[in-house]
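Presented below is the structure to which this report refers.
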Amino acid sequence: MFFHMVLERNMQLHPRYFGPHLHEKLTTKLVKDVEGTCSGKHGFVVAVTKVESIGKGLIREGTGFVTFPVKYQCVVFRPFRGEILEAVVTLVNKMGFFAEAGPVNIFVSNHLIPDDMEFQSGDIPNYTTSDGSVKIQKDSEVRLKIIGVRVDAAEIFCIGTIKDDFLGVINDPDATA
Amino acid sequence: MTEPFNRLVKLAARAFYDDFTTKGDNQPKTGRSDNRGMAVVVLDALTRRQWVREEDLAKSLKLHTKQLRRTLRFFEEEKLVTRDHRKETAKGAKIFSAAIAAAADGQQVGKEGDEKTKIHTHSYCCLDYAQIYDVVRYRLHRMKKKLKDELDNRNTIQEYICPNCNRRYSAFDAMQLVSMEDEYFHCESCNGELVAESDKLAAEEMGDGDDNSRRRRREKLKDMLQRMEEQLKPLTLQLARVKDLPAPEFGTLQAWEASVNAAGRGGNNNGSATDASKSAQGQGYGGTPMPYIGETKVEVTIFGADVKDEGAETEAATASLKVLPPWMIKQGMNLTKEQRGELRPDAKVDGSEAYRDQSDEKKQEQKQEDVKSLEEEYLTAYYEAYARMLEASKTAQGEAEVSQQSTSSYLNGVSDTNSARQVGMKVKREDDDDGGIEWEEDVATGILNELSIVNDPNAQPDGSGDEDDDIDWEEG
Ligand SMILES: [Zn+2]
Chain A
1 MFFHMVLERN MQLHPRYFGP HLHEKLTTKL VKDVEGTCSG KHGFVVAVTK
51 VESIGKGLIR EGTGFVTFPV KYQCVVFRPF RGEILEAVVT LVNKMGFFAE
101 AGPVNIFVSN HLIPDDMEFQ SGDIPNYTTS DGSVKIQKDS EVRLKIIGVR
151 VDAAEIFCIG TIKDDFLGVI NDPDATA
Chain B
1 MTEPFNRLVK LAARAFYDDF TTKGDNQPKT GRSDNRGMAV VVLDALTRRQ
51 WVREEDLAKS LKLHTKQLRR TLRFFEEEKL VTRDHRKETA KGAKIFSAAI
101 AAAADGQQVG KEGDEKTKIH THSYCCLDYA QIYDVVRYRL HRMKKKLKDE
151 LDNRNTIQEY ICPNCNRRYS AFDAMQLVSM EDEYFHCESC NGELVAESDK
201 LAAEEMGDGD DNSRRRRREK LKDMLQRMEE QLKPLTLQLA RVKDLPAPEF
251 GTLQAWEASV NAAGRGGNNN GSATDASKSA QGQGYGGTPM PYIGETKVEV
301 TIFGADVKDE GAETEAATAS LKVLPPWMIK QGMNLTKEQR GELRPDAKVD
351 GSEAYRDQSD EKKQEQKQED VKSLEEEYLT AYYEAYARML EASKTAQGEA
401 EVSQQSTSSY LNGVSDTNSA RQVGMKVKRE DDDDGGIEWE EDVATGILNE
451 LSIVNDPNAQ PDGSGDEDDD IDWEEG
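Protein sequence lines correspond, in order, to chains A and B.
Residue numbers for the first sequence, in the UniProt record's numbering: 1 to 177.
Residue numbers for the second sequence, in the UniProt record's numbering: 1 to 476.
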């Protein structure tokens with residue numbers, strides 16, 4: 001799920017930037033620093049939307065660096081148990097398949113794949129129904145349900161299932177090609 | 001027409017809300033304050049009504065309004081009940097009552113002089129049959145799905161075991177276990193090929209106890225699923241029966257009022273009824289004829305109890321007690337006994353102004369009632385003396401009030417086991433055409449016993465002193 005929220009961060013700035021464009025510099029540095037990172041608490045920071053306020057800088061003794069407390073608005077993404085996500089398959093093997101929904105990696109183990117889908121090894125390993133009508137392979141797009149989320153300090157990993165109503169392949173790369 | 005749906009509500013109430021209890025009362029959690037079963041009583045009562053003012057419902061169920069409201073709020077969340085709240089002045093309430101009367105018997109009720117402009121928020125509630133049908137089906141579906149999912153291990157995180165070193169992994173570690181060489185997961189420490197744990201179920205090597213408990217759990221789940229299907233069979237059958245029937249639809253409070261109003265007007269071209277509803281609409285109350293409410297409108301107020309709106313309420317009571325002419329009673333109408341010309345016991349026990357103008361049969365009943373109330377008065381006097389003896393240490397003033405309270409509630413017929421039993425008896429008789437569901441009365445009486453002290457919604461509960469008092473009374 002996506003959230004729009006206000007976060008805070010202490011930014012350290014080199015003395016060489018002290019000048020007319022200090023705020024601009026701080027903003028670009030902030031965007032560079034936080035976008036794409038993941039915090040266990042909030043999830044992935046997708047984009048900084050606005051810098052709300054920049055507090056008074058504090059000069060560090062010895063180095064001359066200045067620390068600014070910066071408040072900024074941003075969009076974060078955090079998956080939840082029970083959430084339905086659409087993801088792109090990245091790897092298929094006998095144990096199941098891996099998929100990505102943006103920055104989140106999801107693993108769907110083979111017992112969470114419908115029973116009528118069989119693993120086929122070969123050049124392009126895939127899961128296929130007995131009549132061949134549905135196929136999951138690399139780059140397939142699937143809709144899945146998150147049944148477990150593990151949040152580390154810098155990474156979020158999910159377990160998903162496609163063994164439920166309305167889940168499974170939503171776009172087959174072969175079909176469109 | 002509504003009967004199959006009413007039965008559905010009753011079955012669902014007993015299946016799912018039997019042990020619902022409104023907690024958070026600052027009463028001690030004793031057997032007496034245990035109000036389980038109340039939810040069922042409330043739902044049953046609602047099947048006999050359409051839209052109803054919550055205060056009136058509380059009165060006829062002899063429940064405290066707060067308690068009833070809590071239960072109704074719960075049912076609102078459960079999507080069984082729709083509620084509506086609106087601000088009404090005392091004048092509005094009067095018009096509302098007049099409209100009830102108009103719809104009930106097509107006669108204009110005597111106009112009242114003084115009007116107060118105090119604004120109260122009144123809440124109304126009504127069963128939402130169409131939604132109840134969906135809610136119950138959804139609930140059953142979810143119950144079954146949950147059990148089946150557990151049986152299939154659907155939402156479990158897969159575990160893996162290394163057969164060489166017995167190291168365990170969960171699916172969360174999958175990223176680290178992937179090997180580039182083959183299709184399997186490999187152990188991080190010995191590079192052995194991992195095996196999914198469920199595949200090992202047959203193999204005994206990984207700990208017997210674990211497997212056994214898993215098997216036992218499966219058995220339990222299966223058993224539970226089976227029992228669930230067995231026990232909820234009446235409900236599923238009723239759902240199937242109701243499936244193709246149109247659900248009773250009362251619409252919003254306003255729409256419902258308008259339609260009942262129109263029906264009342266069409267039924268009798270008595271201009272005064274039209275007047276009443278017109279004036280009501282002019283006031284913006286939509287003129288609410290509610291033919292089925294108001295049977296317990298009368299309050300027996302003794303000693304400086306709240307007398308504010310007495311005028312309006314007695315009027316409403318007399319009005320609503322009038323009997324519907326038989327030609328007005330249509331199939332599918334949800335009427336109380338009063339409107340059918342029968343007598344309702346709890347109203348009877350209220351016995352006072354309400355019974356001044358009544359049909360002959362009622363007068364007969366009243367005679368019996370008089371004898372009974374004599375008996376009751378006698379008993380009351382006895383209990384009073386007994387209570388006074390026990391309460392000797394308490395302050396005289398408070399005590400007098402307490403016993404007065406108790407007396408008034410006693411006169412209402414619910415304060416001691418003796419009269420409560422009588423109530424139960426009669427209610428049973430009244431309920432005979434109700435498909436033989438006699439369950440409600442017992443619980444109702446039980447609750448009434450518990451709540452005797454607050455059964456008059458206008459009386460403020462006087463605190464713990466009352467409680468003790470009450471206990472003694474029941475023992476006596
Ligand atoms: Zn190993």
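Backbone N, C-alpha and C fix where the C-beta goes; we use that ideal spot for every residue, glycine too.
Exercise. Where DSSP assigns a beta bridge to A:K71, which residues make up the other side?
Worked result: The partner list for A:K71 (beta bridge, DSSP) reads A:E8, A:S53.
For this session: Find the residues of chain B that neighbour A:P125, judging by a C-beta separation of less than 7 angstroms, and give them in chain order.
Result: Correct list: E183.
Exercise. If we call anything under 8 angstroms between Cβ atoms a contact, is A:L167 one with A:K145?
Worked result: In this structure, the beta-carbon distance from A:L167 to A:K145 falls below 8 angstroms.
Exercise. What does A:S39 reach in chain B if we use C-beta pairs closer than 7 angstroms?
Worked result: For a Cβ distance threshold of 7 angstroms, nothing in chain B lies close to A:S39: the least Cβ distance comes to about 19 angstroms.
For this session: Note down, in chain order, each residue of its chain lying with its Cβ closer than 8 angstroms to the Cβ of A:M1, except the 5 sequence neighbours on either side.
Result: Closer than 8 angstroms at the Cβ level, and outside the excluded window around A:M1, lie F77, R78, P79, F80, E83.
Problem set entry | is_contact[B:M224, chain A] using C-beta, thresh 8 angstroms | Judged by the 8 angstroms Cβ criterion, B:M224 is not in contact with chain A.
Problem set entry | Reduced DSSP secondary structure (H/G/I, E/B, other) of A:G43 | Looking at A:G43 - three-state DSSP - the assignment turns out to be strand.
Problem set entry | Length of the line joining the Cα atoms of B:A45 and B:L61 | B:A45 and B:L61: Cα-Cα distance of roughly 8 angstroms.
For this session: Classify A:L58 as buried or exposed, calling it buried when 16 or more other Cβ atoms lie within 10 Å of its own Cβ.
Result: By the neighbour-count rule (16 or more Cβ atoms within 10 Å), A:L58 is not buried but exposed.
For this session: Taking C-beta pairs closer than 7 angstroms, name the residues in chain C that B:Q158 reaches, listed in chain order.
Result: The structure shown contains no chain C; its protein chains are A and B.
For this session: Report the residue from A:V108, A:F157, A:E155 whose alpha carbon sits nearest the alpha carbon of A:S137.
Result: Here the sequence assigns Gln to residue 137 of chain A, which means Ser is not the residue at that position. Selected option, being the one with the closest Cα: A:V108.
For this session: With DSSP as the reference, label A:L60 as helix, strand or coil.
Result: In the sequence as presented, Leu is not what sits at residue 60 of chain A; that position holds Arg. Three-state result, A:R60: coil.
For this session: Closer than 8 angstroms by beta-carbon distance: list the chain B residues that pair up with A:L85, in chain order.
Result: None at all; the shortest Cβ gap to chain B is about 15 angstroms.
Exercise. According to the neighbour-count rule (16 or more other Cβ atoms, all chains shown, within 10 Å of its Cβ), is B:E376 buried or exposed?
Worked result: Counting the other Cβ atoms within 10 Å of the Cβ of B:E376 gives 16 or more, which makes it buried.
Exercise. Would you report the Cα separation of B:L151 and A:P69, rounded to the nearest angstrom?
Worked result: B:L151 and A:P69: Cα-Cα distance of roughly 53 angstroms.
For this session: Alpha carbon to alpha carbon, how far is B:T380 from B:R388? Give it in angstroms, no decimals.
Result: Cα-Cα distance, rounded: 12 angstroms.
Exercise. Whose Cβ in chain B lies nearer than 8 angstroms to the Cβ of A:G148?
Worked result: Those within 8 angstroms of A:G148 in chain B are I157, A171, F172.
For this session: Compute every distance between the C-beta of A:C38 and the non-hydrogen atoms of ligand 1, then say whether any falls below 7 angstroms.
Result: Taking 7 angstroms as the cut-off, the C-beta of A:C38 does not count as close to any heavy atom of ligand 1.
Exercise. Is the segment 134-142 of chain B touching the segment 250-263 of chain B, taking contact as three or more C-beta pairs under 8 angstroms?
Worked result: Contact fails: fewer than three Cβ-Cβ distances are below 8 angstroms.
Problem set entry | For B:S179: DSSP bridge partner residues | The secondary-structure analysis by DSSP pairs B:S179 with nothing; it has no beta-bridge partner.
Problem set entry | Spatially closest choice to B:G37 from B:Y382, B:D18, B:D244, B:L127, by CA coordinates | Residue B:D18 is the option with its Cα nearest to B:G37.
Problem set entry | Close Cβ partners of A:T37 (< 6 angstroms) along its chain, the five nearest in sequence each way excluded | If we look at A:T37 and ignore the five residues flanking it on each side, its Cβ neighbours are V45.
Problem set entry | Cross-chain neighbours of A:F157 in chain B, by beta carbon under 7 angstroms | Simply F172, M175.
For this session: Taking the CB atoms as reference points, tell me whether A:F65 and A:L13 lie closer together than 8 angstroms.
Result: With a cutoff of 8 angstroms on beta-carbon distance, A:F65 and A:L13 are scored as near each other.
Problem set entry | Distance between B:S373 and B:S359 (C-alpha atoms, nearest Å) | Residue confidence for B:S359 is low, a pLDDT of 49 falling below 50, so the modelled location carries little weight and cannot support an answer.
Problem set entry | Any C-beta of chain B under 8 angstroms from that of A:K135 | For A:K135, not one C-beta of chain B is nearer than 8 angstroms to its own C-beta.
Exercise. At a CB-CB cut-off below 7 angstroms, which residues of chain A make contact with B:A15?
Worked result: When 7 angstroms is used as the limit between beta carbons, B:A15 is near no residue of chain A, the shortest such separation being about 25 angstroms.
Exercise. Does the Cβ of B:E88 have 16 or more other Cβ atoms within 10 Å, making it buried, or fewer, making it exposed?
Worked result: Counting the other Cβ atoms within 10 Å of the Cβ of B:E88 gives 16 or more, which makes it buried.
Problem set entry | Local conformation of A:V76 per DSSP, three classes | Strand at A:V76.
Exercise. If we cut at 8 angstroms on Cβ distances, does B:V178 have a partner in chain A?
Worked result: Closer than 8 angstroms to some Cβ of chain A, the Cβ of B:V178 qualifies, so yes.
Exercise. According to the neighbour-count rule (16 or more other Cβ atoms, all chains shown, within 10 Å of its Cβ), is B:Y382 buried or exposed?
Worked result: That one is exposed.
Exercise. Straight-line CA distance for B:F250 to B:D173?
Worked result: C-alpha of B:F250 to C-alpha of B:D173: approximately 56 angstroms in a straight line.
For this session: Could you name the residues of the same chain whose beta carbon sits closer than 6 angstroms to that of A:E86, not counting the 5 residues immediately before and after it, in chain order?
Result: Excluding five sequence positions before and after A:E86, the CB atoms of its chain that fall closer than 6 angstroms to its own CB belong to R143, given in chain order.
For this session: Give me the Cα-Cα distance between A:E61 and A:P15, rounded to the nearest whole angstrom.
Result: Answer to the nearest angstrom: the Cα atoms are 12 angstroms apart.
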